[in-house]
Amino acid sequence: MIAILSPAKTLDYDSALPDLRASTPRFPDETGQIARGAARLGAAKLGSLMRISPKLAQLNAQRYRDFADAPERPALWAFAGDVYAGFEVKSLEAPAFDFAQAHVRILSGLYGLLRPLDAIRPYRLEMGTRWAPGRAKDLYAFWNGRIAALLAADVAASGSDVVLNLASQEYWHAVAGRLPDGVRVIEVDFREDGPEGPRFVGFHAKRARGMMARWMCEHRVTEVDAMRGFDSDGYRFVGADGDRWTFVR
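Per the numbering used here, residue 3 is the first one in the sequence shown, and the count goes up by one each step.
Rendered as structure tokens:
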């Protein structure tokens, strides 16, 4: 079983790292092509494409200009948004790192598909950005079926046929409809109890995705049905509509 996460815009390249050996991202040519193309865009164009402030646009333009010499950090320790606040990797016990490396993947507009220990450089590039280097109209077209093919290979290597989809729709769209027919995808819906019934709250759902991925690693879960036992922070499994599972707290 492979659990899929989205990346984060917020990054952490300052906190201490545990003693671990980083791995190498598996799409170096594609990543280099994207980074070089982004470096030629300049701050104004990046700001327009990403809909970010001039200050953030300048930061990311500089990141791409200096990309080849930028510091590297394992992906699971570099991303620091809501999903990764839920994962709380800093308190994860070292024996779970190997399990995460085998069973957790992170979709990325720049790197394609990351393992937790893959060393990445600081960047910002949402998968839904309407730009890509070369003749592709956007990053979905640029990556085409390459991410899905590598994910399918990782699923097979895990000894399962299941993808636990904990990614956002924007990122999942990069592989949706491209996986082989034999791969089963479990969609997970996190809800909050309310006076009018369970409701979706984006902030809480993002954190819950990270918590579920961590729970899987802590408990070394390899059989998907065991994931119904996920109970972190008061969540409980309340039912399934086919391969769409709902958890409520």
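Quick reminder that beta carbons are idealized off the backbone N, C-alpha and C, glycines included.
Span of the alpha helix (DSSP H) around Asp84: 84–89
Identity of the residue in Glu74, Leu152, Met129 nearest Arg290 by Cα: A query on residue 290 cannot be resolved here, the shown segment of the chain reaching from 3 to 251 and no further.
Val226, DSSP secondary structure in three states: helix
Segment contact flag, the segment 188–204 with the segment 132–142, C-beta cutoff 8 Å, min 3 pairs: no
Tyr113 to Pro30 span [Cα, whole Å]: 8 Å
Assigned secondary structure, Phe205 (DSSP; H/G/I helix, E/B strand, else coil): helix
Beta-carbon proximity of Ile54 to Ala77, cut-off 7 Å: no
Per DSSP, cross-strand counterpart(s) of Phe1: No answer is possible for residue 1: it lies beyond the span of the chain, which begins at 3 and ends at 251.
is_contact[Ala207, chain B] using C-beta, thresh 7 Å: As a matter of chain content, chain B is missing from the structure shown, which is built from one protein chain.
Arg123 classed as buried or exposed, judged by whether at least 16 other C-beta atoms fall within 10 angstroms: buried
Leu109 - DSSP class collapsed to helix/strand/coil: strand
Selection from Leu43, Arg75, Lys57 that minimises the alpha carbon distance to Ala67: The amino acid at residue 67 is misidentified as Ala; the sequence shows Arg. Minimum Cα distance to Arg67 is reached at Leu43.
Anticipated Cβ contact below 8 Å, Trp253 with Asp195, distance rounded: A question about residue 253 goes unanswered here, because the residues of the chain that appear run from 3 up to 251.
Stretch pair the segment 18–26 + the segment 123–138: three plus CB contacts closer than 8 Å: no
For Pro135, the nearest candidate out of Phe101, Leu51, Asp100, Ala37 (CA to CA): Ala37
Nearest candidate by alpha-carbon position, reference Val250, set Glu172, Asp233, Asp243: Asp233
Delimiting residues of the beta strand (DSSP E) encompassing Arg53: Neither: Arg53 is in no beta strand (DSSP E) and is coded neither H nor E.
For Gly114, the three-state DSSP class (helix, strand or coil): strand
Residue burial classification, Thr33 (beta-carbon count within 10 angstroms, cutoff 16): buried
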